[in-house]
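S.K.: Just passing along the structure, written as structure tokens.
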Amino acid sequence: MKGTNGKKGLSFTILTMVFGLMLGIQYQTIKNPIERDTRDMWQLREDLKKEQQLQLELLSEIRKYNEVIESHENKDSADPENALKETLAVLKEDAGLTEVTGSGITITIDKLFSEKLLGIEIQDISPDLLKRLINELNSYGAKEISIQGRRLINSTVIRDINGQTKIDNFSLHSYPIEIKVISEDVDKLYNRMNASTTDEDFAIDNLSLTISDPIDELTVPAYEDSIRVRNMKPKEIIEGGD
744 MKGTNGKKGL
754 SFTILTMVFG
764 LMLGIQYQTI
774 KNPIERDTRD
784 MWQLREDLKK
794 EQQLQLELLS
804 EIRKYNEVIE
814 SHENKDSADP
824 ENALKETLAV
834 LKEDAGLTEV
844 TGSGITITID
854 KLFSEKLLGI
864 EIQDISPDLL
874 KRLINELNSY
884 GAKEISIQGR
894 RLINSTVIRD
904 INGQTKIDNF
914 SLHSYPIEIK
924 VISEDVDKLY
934 NRMNASTTDE
944 DFAIDNLSLT
954 ISDPIDELTV
964 PAYEDSIRVR
974 NMKPKEIIEG
984 GD
């Protein structure tokens with residue numbers, strides 16, 4: 744009887760431990776639920792396009808600077824000034840500080856229906872809608888973009904300030920809005936934009952998108968404002984050191 748009672752006690756102890764372990768796991772699962780990816784198929788495709796575009800841009804930048812380095816190595820070392828000038832020109836172009844001419848398209852954003860017809864005032868284009876259009880253009884191979892004659896660069900900020908949509912400090916408060924886009928493959932950009940459903944999103948805000956035919960020579964202006972560099976300090980130079 745003692746042996747039987749001992750086995751029952753051991754079995755009860757094991758069951759209690761298993762039950763306690765399961766209860767602990769369940770509590771942790773409730774406390775820290777498994778995070779699921781709630782993005783739908785459209786969002787996943789958009790994120791994938793952005794990552795692929797970023798990868799292509801990085802590879803293009805690496806290839807470009809490798810060519811610059813190789814060019815400098817092959818030049819006569821007695822002409823360092825010319826090499827520096829060429830490097831500075833490349834950097835200015837990359838930063839958007841020079842005017843660029845190439846093949847591209849223009850996109851015109853205008854009111855879909857007049858304010859008199861609707862009986863309400865048409866608001867400024869929303870920053871989110873404008874940024875979505877720019878992201879789409881970049882994913883389709885846009886190289887240079889300007890909006891109302893304002894060049895977009897990496898540090899450009901599009902935001903709402905006191906109810907007005909602004910590109911940096913420039914207000915977009917009137918229609919039509921002209922966007923110039925230069926691309927190395929303008930036919931691909933043109934076809935993709937014509938097949939896009941972005942115009943439906945603009946129509947919801949009573950705005951229309953008009954895409955021009957490919958243009959052989961389109962000029963995008965240089966960035967005019969000063970570029971602020973933050974979180975950088977000049978390196979201290981110690982005189983008289985070896």
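The numbering of the sequence shown is our numbering, which starts it at 744 and goes up by one.
Glycine is no exception: its CB is placed at the ideal position from the N, C-alpha and C atoms.
Tell me whether the beta-carbon of I896 lies closer than 9 angstroms to the beta-carbon of A885.
M.R.: Their beta carbons are not under 9 angstroms apart, which means I896 does not touch A885 by this criterion.
S.K.: From the DSSP secondary-structure annotation, give me the bridge partner or partners of D853.
M.R.: In the DSSP output, where bridge partners are listed per residue, D853 has S951.
S.K.: Mind checking F856: buried by the 16 CB within 10 Å criterion, or exposed?
M.R.: F856 should be labelled exposed.
S.K.: Unbroken alpha helix (DSSP H) runs of length 4 or more, entirely within the stretch 866 to 904: which are they?
M.R.: As far as the stretch 866 to 904 is concerned, its whole alpha helix (DSSP H) runs of at least 4 residues are 870 to 882.
S.K.: Give me the residue from L915, I920 and S955 with the minimum Cα distance to K930.
M.R.: Residue identity check: residue 930 is Asp in the sequence provided, not Lys. The shortest C-alpha separation from D930 is found at S955.
S.K.: Roughly how many angstroms separate the alpha carbons of E960 and R893, rounded to a whole number?
M.R.: Near 18 angstroms, if we compare the C-alpha coordinates of R893 and E960.
S.K.: Decide yes or no for the touch test of the stretch 904 to 911 against the stretch 930 to 946: beta carbon pairs closer than 8 angstroms, at least 3 of them.
M.R.: Touching, no, given that fewer than three Cβ pairs across the two stretches are closer than 8 angstroms.
S.K.: DSSP puts I848 in a beta bridge; with which residues?
M.R.: V924.
S.K.: Helix, strand or coil for E967? Go by DSSP, reduced to three states.
M.R.: E967 falls in the coil class under three-state DSSP.
S.K.: For V843, list the residues DSSP reports as bridge partners.
M.R.: In DSSP, V843 forms a bridge with V963.
S.K.: Can you grab the Cα-Cα spacing for the pair L802 / P957, in whole Å?
M.R.: Taking the straight line from one Cα to the other gives about 26 angstroms.
S.K.: Give me, in chain order, the residues of the same chain whose beta-carbon lies closer than 7 angstroms to that of P919; leave out the 5 immediate sequence neighbours on both sides.
M.R.: For P919, where only same-chain residues beyond five positions count, the Cβ hits under 7 angstroms are T851, I852 and D853.
S.K.: Go through its chain and collect everything with a Cβ distance to K874's Cβ below 8 angstroms, but skip five positions before and after it.
M.R.: Only I901 meet the Cβ criterion.
S.K.: Go to T908, then tell me how far its beta strand (DSSP E) extends in each direction, as first and last residue.
M.R.: Per DSSP, T908 belongs to the beta strand (DSSP E) from Q907 to I910.
S.K.: To the nearest whole angstrom, what separates the beta carbons of I925 and S869, a pair I think is in contact under 8 angstroms?
M.R.: That belief does not hold up - the Cβ atoms of I925 and S869 are roughly 25 angstroms apart, past 8 angstroms.
S.K.: Which value, in whole angstroms, describes the spacing of the CA atoms of F945 and T953?
M.R.: For F945 and T953, the distance between alpha carbons rounds to 11 angstroms.
S.K.: Could you round the C-beta distance between I890 and L880 to whole angstroms and report it? I think they count as a contact, below 8 angstroms.
M.R.: The pair is not a contact, with the Cβ atoms about 11 angstroms apart (cut-off 8 angstroms).
S.K.: Using DSSP bridges, identify the partner residues of S914.
M.R.: Its beta-bridge partners are K909.
S.K.: Reducing DSSP to helix, strand and coil, say where I777 ends up.
M.R.: Any reading at I777 needs caution, since the residue's pLDDT is 44, under 50, leaving its predicted position unreliable; the model's value is listed next. Reduced to three states, the DSSP call for I777 is coil.
S.K.: Excluding the 5 residues flanking Y883 on each side, which residues of the same chain have their C-beta closer than 6 angstroms to its C-beta?
M.R.: Here the set comprises L932 and R935.
S.K.: Over what stretch of residues does the alpha helix (DSSP H) that includes D930 continue unbroken?
M.R.: Unbroken alpha helix (DSSP H) run through D930: V929 to A938.
S.K.: Hey, how far is the Cα of D872 from the Cα of T899?
M.R.: As written in the sequence, residue 872 is Leu, which differs from the Asp given in the question. Near 16 angstroms, if we compare the C-alpha coordinates of T899 and L872.
S.K.: Assuming E836 and T962 make a contact with CB atoms under 8 angstroms, what is their CB distance in whole Å?
M.R.: The pair is not a contact, with the Cβ atoms about 14 angstroms apart (cut-off 8 angstroms).
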